[in-house]
Every structure is written in C-alpha cells, then in structure tokens.
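**Q** When you line the sequence shown up against our numbering, it's residues 366 to 725, in that order.
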Amino acid sequence: MGYKIAVIPGDGIGPEIVKQAQRVLDAAAAKYGFELGYTSLLMGGASIDANGVPLTEETVSIAKASDAVLMGSIGGDAKTSPWYQLPPNLRPEAGLLGIRKALNLFANLRPAYLYEELKAACPLSDEVIGDGFDMVIVRELTGGLYFGERHTEMVDGLRTATDTLVYNENEIRRIAVKAFEIAKKRRKKVCSVDKANVLDSSRLWRAVVEEVAKDYPDVELSHMLVDNCAMQLVKDPGQFDVILTENMFGDILSDEASMVTGSIGMLSSASLNETKFGLYEPSHGSAPDIAGKGIANPIATILSAAMLLRYSLDQDEAANAIENAVKQVLSEGYRTTDIASEGCTVVGTEKMGELIAERV
Ligand code: IPM
Ligand code: MG
C-alpha cells in the first residue's frame with residue numbers, strides 16, 4: 366500500500382522538525398508494511414523567497430492531489446524579516462490561511478494532554494493539576510474574523526479599521542458535528558465556548574450547537590463564555606474533554622491550553638475537511654530565534670505525523686506505535702531543552718528524532 370504525502374517544511378525550525386517527523390514516519394511505514402512517497406512543497410516565507418508569493422497554485426494543487434499534508438511551520442521574525450515589509454496579503458501567514466481555505470480545512474483539532482513525565486514542566490500547582498488533564502480543542506478554521514471582510518479607511522479624518530465576524534449555520538453545524546463525533550469516542554463531553562452575552566454570531570453558534578446536540582443524546586453538552594473558559598483552563602483544566610469553539614477564540618485558547626501542558630513543543634494538530642484528507646502541523650510557530658541550532662523539539666511534529674497516520678491513512682497501529690515511542694523516550698529521561706528538568710538527558714532535534722524512530 367502506498368500513500369502520497371505532501372510535505373511543507375516551511376520556515377524557521379520547520380525544515381529541521383519535519384525531517385525528524387519523516388524519519389519517524391519512515392520507521393513506522395517499514396514496520397507496518399506500507400509505503401510513503403513525499404513531495405516537498407513551498408509555502409510561507411520560503412515560497413515568498415522563491416516565487417514572490419506565500420502560496421502558489423502549484424502548492425495547492427499538489428497538496429490537494431495527495432493523501433495528506435505534513436507541515437512544519439511558517440513565518441519569521443516580524444521585526445527583522447523582510448517578509449513583514451510586504452503588504453499583509455503577501456506575508457507568510459497569508460499562505461497558511463490561503464491553504465486552509467483552498468483545501469476547505471474547517472476543522473482544527475488541537476489535543477492538550479499532560480504527560481505524566483512532564484508534570485514538572487507544567488506551570489500549574491499540583492493541587493490544580495490533580496489527576497492531570499486530557500482535552501482536545503476543536504477550532505473552526507475557515508470562518509469568523511479570519512476570513513470576514515476587512516479594510517482600513519479614513520472616517521471623519523480618523524484612520525479606522527474594520528474586521529467582520531460572520532458565521533452561517535452550515536459552517537457552525539459541520540464543526541459542531543465533528544466535535545460531537547470526537548467526543549463520542551472520548552469521555553463524551555462537549556463544552557461549546559462562545560461570547561453569547563455580547564455577539565450575535567455566538568448566539569447563532571449556541572442555537573445551532575444545541576440543535577446538533579439532539580443527535581448525540583449520550584454526549585453531555587455545556588456552554589461556556591470565552592472569558593470564563595480562559596480562566597477555567599488554568600483553574601481546573603481537568604474538567605474539559607472536547608472544547609468546541611470558533612476560529613479566533615480557538616486560536617487564543619489553544620495557545621493557553623498548550624502552555625498549561627508545560628511545553629508548546631509537545632502539541633500536535635490536525636486540520637481536516639469533510640473527507641479523510643488533512644493537513645498536520647505542530648501547534649507551535651517557526652521559532653526563528655532557535656532555527657538552525659539543532660535544539661528545537663520535534664515531538665509536536667512527530668505527534669502530528671501520528672495523527673496523519675490515524676486520521677488520513679487509517680494506519681492506527683502505526684500511529685499508536687509512534688505515540689508510545691514518544692512516551693517511552695520521555696520515560697527514559699530524554700528531553701529537548703524546552704522540556705528539560707533536573708536529572709534528564711538533554712538531546713538535540715536529530716537525536717530526539719532518532720531515539721523515537723528506533724523505538725517505533
Ligand atoms: C495558529 C497560528 C495562525 C493562526 C497564524 C500563524 C495565522 O497562530 O495556527 O494558531 O492564527 O491561526
Ligand atoms: Mg495560534
């Protein structure tokens with residue numbers, strides 16, 4: 366069995382971490398008897414340098430024709446990189462938003478899980494951590510403020526900027542269905558997060574989520590206002606199973622949830638459309654400050670590759686093997702610098718990839 370994987374190494378630490386994820390994928394493929402063919406594609410800053418634009422038709426069409434996309438990270442240092450002298454629609458991030466839209470990747474899954482071995486890196490007190498936590502944020506990814514009409518103009522002599530937050534019921538329904546489907550296979554709880562005390566889009570969100578919930582009588586639905594959710598994530602993270610939310614709230618809450626686990630370097634993500642196709646990338650950014658130093662943590666990308674195997678290729682066994690290999694390496698005491706604690710063996714990006722690949 367052979368699969369076509371489009372690979373977008375991207376910018377900053379992207380190429381280093383993706384290389385290790387491919388190495389681990391190859392180990393899993395060899396062990397479980399399937400073949401992976403990779404096509405490397407440009408996006409973000411790397412594409413700006415080569416093509417003058419952050420996303421080309423070619424990248425979109427090759428990605429579309431593949432079984433799944435594995436991505437590193439895109440973007441550079443906004444203060445020093447020439448990419449940020451360009452108009453906003455030509456900057457690296459526009460490439461990421463463009464490919465999400467072009468591939469209709471409306472469902473972004475971001476698991477936040479506390480590894481027993483990394484408890485020391487968790488900034489919360491033992492009392493708050495309790496028995497740990499294991500949640501997944503289901504973030505709507507192709508609507509809302511990110512894709513609404515925006516412009517800046519002069520109004521009565523004042524520079525005035527407008528962004529618009531639009532959701533129709535179909536966009537809300539399809540992401541809600543994803544969240545309930547995921548909850549069904551977990552602890553059967555969906556917490557839908559909105560700002561229904563202020564926003565019309567949130568009131569519609571709540572109404573549609575209630576409708577969808579009727580089809581899932583065994584899943585418990587609750588609603589939470591986004592400001593309260595931001596607080597609850599650091600007060601009692603164990604209460605959450607699946608958090609369902611719109612694009613902007615999900616962007617913010619997923620960074621918070623990841624930090625609560627101790628390191629953003631550990632968190633994977635999957636962006637899916639209606640089919641099995643998806644784009645898989647770490648939740649963290651391109652970390653230009655440590656790019657090329659060989660110290661970046663490749664685990665988030667490696668775990669994203671495991672999600673790719675599970676969701677897009679139905680290679681569950683291989684996905685489990687990768688996740689177990691990560692746990693094993695951590696329990697043997699190996700750490701990259703971002704998750705290092707006393708008594709551990711600090712290793713670089715390549716070594717971490719090698720250790721995990723060996724244990725698959
Ligand atoms: C993310 C990132 C992106 C987003 C940026 C780079 C546009 O923060 O994937 O969370 O806001 O969606
Ligand atoms: Mg973000």
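Cβ coordinates follow ideal geometry from the N, Cα and C atoms, glycine included.
Taking Cβ positions, are A371 and V434 nearer each other than 8 angstroms?
**A** The residue you call residue 371 lines up with position 6 of the sequence shown. The residue you call residue 434 lines up with position 69 of the sequence shown. One thing to note: A371 has its Cβ within 8 angstroms of the Cβ of V434.
**Q** Tell me whether E458 counts as near the ligand IPM, meaning its Cβ is closer than 7 angstroms to at least one heavy atom of that ligand.
**A** For the purposes of this step, residue 458 is taken as residue 93 along the sequence shown, with counting starting at 1. Checking every heavy atom of the ligand IPM against the Cβ of E458, one is found closer than 7 angstroms.
**Q** May I ask you to report which of helix, strand or coil DSSP gives R700?
**A** Within the sequence shown, the letter at position 335 stands for residue 700. Strand at R700.
**Q** For S431, which option in G375, G643 and E719 has the closest C-alpha, if you only look at C-alpha atoms?
**A** Taking the sequence shown and counting its residues from 1, the one referred to as residue 431 is at position 66. S431 has its Cα closest to that of G643, out of G375, G643 and E719.
**Q** Which whole runs of the alpha helix (DSSP H) in the segment 594–665 are 4 residues long or more, in chain order?
**A** Complete alpha helix (DSSP H) runs here, min 4: 612–625.
**Q** Looking only at its chain, what residues have a beta carbon closer than 6 angstroms to the beta carbon of M589, apart from the 5 residues adjacent to it on each side?
**A** Numbered from its first residue, the sequence shown carries residue 589 at position 224. The residues are C556 and V558.
**Q** Around the C-beta of M717, are 16 or more other C-beta atoms found within 10 angstroms, so that it is buried, or is it exposed?
**A** Counted from its first residue, the sequence shown places residue 717 at position 352. M717 is buried by the Cβ-count criterion.
**Q** Is D583 near the ligand MG - that is, is its Cβ less than 7 angstroms away from at least one heavy atom of it?
**A** Looking up residue 583 in the sequence shown gives position 218. No - the ligand MG has no heavy atom lying nearer than 7 angstroms to the Cβ of D583.
**Q** Any residue with its C-beta under 7 angstroms from a non-hydrogen atom of the ligand MG counts. Can you list them all in chain order?
**A** D616, S619 and D620
**Q** 8 angstroms is my cut-off, CB to CB: does V531 come that close to chain D?
**A** Checking the listed chains, one finds no chain D in this structure; it contains a single protein chain.
**Q** Can you say whether A394 is buried or exposed, counting buried as having 16 or more other CB atoms within 10 angstroms of its CB?
**A** Along the sequence shown, read from residue 1 onward, the residue named residue 394 stands at position 29. Under this definition A394 is a buried residue.
**Q** Going by the CB atoms, is the gap between L470 and N638 shorter than 8 angstroms?
**A** Against the sequence shown, residue 638 aligns to sequence position 273. Against the sequence shown, residue 470 aligns to sequence position 105. The answer is yes: Cβ separation under 8 angstroms.
**Q** Any heavy atom of the ligand ATP inside 7 angstroms of the beta-carbon of G440?
**A** Among the ligands modelled here, namely the ligand IPM and the ligand MG, the ligand ATP does not occur.
**Q** Can L461 be considered in contact with the ligand IPM, in the sense that its beta carbon sits closer than 7 angstroms to one or more heavy atoms?
**A** In the sequence shown, counting from the first residue as 1, residue 461 sits at position 96. For the ligand IPM, at least one heavy atom lies less than 7 angstroms from the Cβ of L461.
**Q** Out of P663, I373 and G603, state which residue places its alpha-carbon closest to the alpha-carbon of P457.
**A** Along the sequence shown, one-based indexing puts residue 457 at 92. For the residues P663, I373 and G603, the minimum Cα distance to P457 belongs to I373.
**Q** Is it buried or exposed, A526, if we count other Cβ atoms within 10 angstroms and call 16 or more buried?
**A** Position 161 of the sequence shown, counted from the first residue, corresponds to residue 526. A526 is exposed by the Cβ-count criterion.
**Q** Going by the beta-carbon positions, is the gap between G630 and A665 smaller than 8 angstroms?
**A** The residue labelled residue 630 in the question sits at position 265 within the sequence shown. The residue labelled residue 665 in the question sits at position 300 within the sequence shown. Against a cut-off of 8 angstroms, the Cβ pair of A665 and G630 comes out as a contact.
**Q** Only counting runs of 3 or more residues, tell me where the beta strand (DSSP E) segments fall wholly within the segment 379–466, in order along the chain.
**A** With a minimum length of 3 residues, the unbroken runs of beta strand (DSSP E) contained wholly in the segment 379–466 fall at 400–405 and 433–438.
**Q** Let's test the definition: count the other Cβ atoms within 10 Å of the Cβ of P488 and tell me whether it reaches 16, buried, or not, exposed.
**A** Stepping through the sequence shown from its first residue, residue 488 is reached at position 123. Counting Cβ neighbours within 10 Å, P488 comes out exposed, since fewer than 16 surround it.
**Q** Give a yes or no on whether the C-beta atoms belonging to I608 and V503 are separated by under 8 angstroms.
**A** Position 243 of the sequence shown, counted from the start, is the residue given in the question as residue 608. Position 138 of the sequence shown, counted from the start, is the residue given in the question as residue 503. Using a Cβ distance threshold of 8 angstroms, I608 and V503 count as a contacting pair.
**Q** Would you give the residue range spanned by the alpha helix (DSSP H) that R552 belongs to?
**A** Locating residue 552 in the sequence shown gives position 187, where the first residue counts as 1. Where R552 is concerned, there is no enclosing alpha helix (DSSP H), given that its DSSP letter is neither H nor E.
**Q** If you drop the 5 nearest sequence neighbours on each side, which residues of the same chain put their C-beta closer than 7 angstroms to that of L569?
**A** On the sequence shown, position 204 is the one that residue 569 refers to. Excluding positions up to five away in sequence, the list reads Y532, E534 and I537.
**Q** Could you spell out the range, first to last residue, of the beta strand (DSSP E) harbouring T527?
**A** Numbered from 1 along the sequence shown, position 162 holds the residue referred to as residue 527. Per DSSP, T527 belongs to the beta strand (DSSP E) from L523 to D528.
**Q** Taking all protein chains shown into account, decide if N662 is buried (16 or more other Cβ within 10 angstroms of its Cβ) or exposed.
**A** Here residue 662 corresponds to residue number 297 of the sequence shown, with the count starting at 1. Buried is the call here.
**Q** Compare the C-alpha of W448 against each of A411, K429 and G463 and name the closest.
**A** The residue labelled residue 448 in the question sits at position 83 within the sequence shown. Looking at the Cα atoms, A411 is the closest of the given residues.
**Q** Can you tell me the Cβ-Cβ gap for L632 and T640, rounded? I've got them flagged as a contact below 8 angstroms.
**A** Here residue 632 refers to the residue found at position 267 of the sequence shown. Here residue 640 refers to the residue found at position 275 of the sequence shown. The pair is not a contact, with the Cβ atoms about 24 angstroms apart (cut-off 8 angstroms).
**Q** Within 10 Å of its beta-carbon, does K543 have 16 or more other beta-carbons around it, so buried, or fewer, so exposed?
**A** Position 178 of the sequence shown, counting from 1, holds the residue named residue 543. Flag for K543 reads buried.
**Q** Name the one or two DSSP bridge partners that V503 has.
**A** By one-based count along the sequence shown, residue 503 stands at place 138. According to DSSP, V503 bridges with L474 and L609.
**Q** In whole angstroms, what separates the C-alpha of D565 from that of V577?
**A** For the purposes of this step, residue 565 is taken as the residue at position 200 of the sequence shown. For the purposes of this step, residue 577 is taken as the residue at position 212 of the sequence shown. CA-to-CA, the gap between D565 and V577 works out to about 19 angstroms.
**Q** Around the C-beta of M500, are 16 or more other C-beta atoms found within 10 angstroms, so that it is buried, or is it exposed?
**A** In the sequence shown, residue 500 corresponds to position 135, counting from 1. Answer is buried; the Cβ neighbour count reaches 16.
**Q** Based on Cα-Cα distance, which residue from V563, A459 and H649 lies nearest to L668?
**A** The sequence position of residue 668 within the sequence shown is 303, counting from 1. Selected option, being the one with the closest Cα: H649.
**Q** Measure the alpha-carbon distance for I660 versus A572 and round it to whole angstroms.
**A** The residue labelled residue 660 in the question sits at position 295 within the sequence shown. The residue labelled residue 572 in the question sits at position 207 within the sequence shown. So the two alpha carbons sit approximately 47 angstroms from each other.
**Q** Using CA coordinates, which residue listed in E422, E518 and E400 is at the minimum distance from L468?
**A** Taking the sequence shown and counting its residues from 1, one reaches residue 468 at position 103. Closest by alpha carbon: E422.
**Q** Can you name the start and end residues of the beta strand (DSSP E) that K716 belongs to?
**A** Here residue 716 corresponds to residue number 351 of the sequence shown, with the count starting at 1. Careful: K716 lies outside any beta strand (DSSP E), inside the alpha helix (DSSP H) at T714 to R724.
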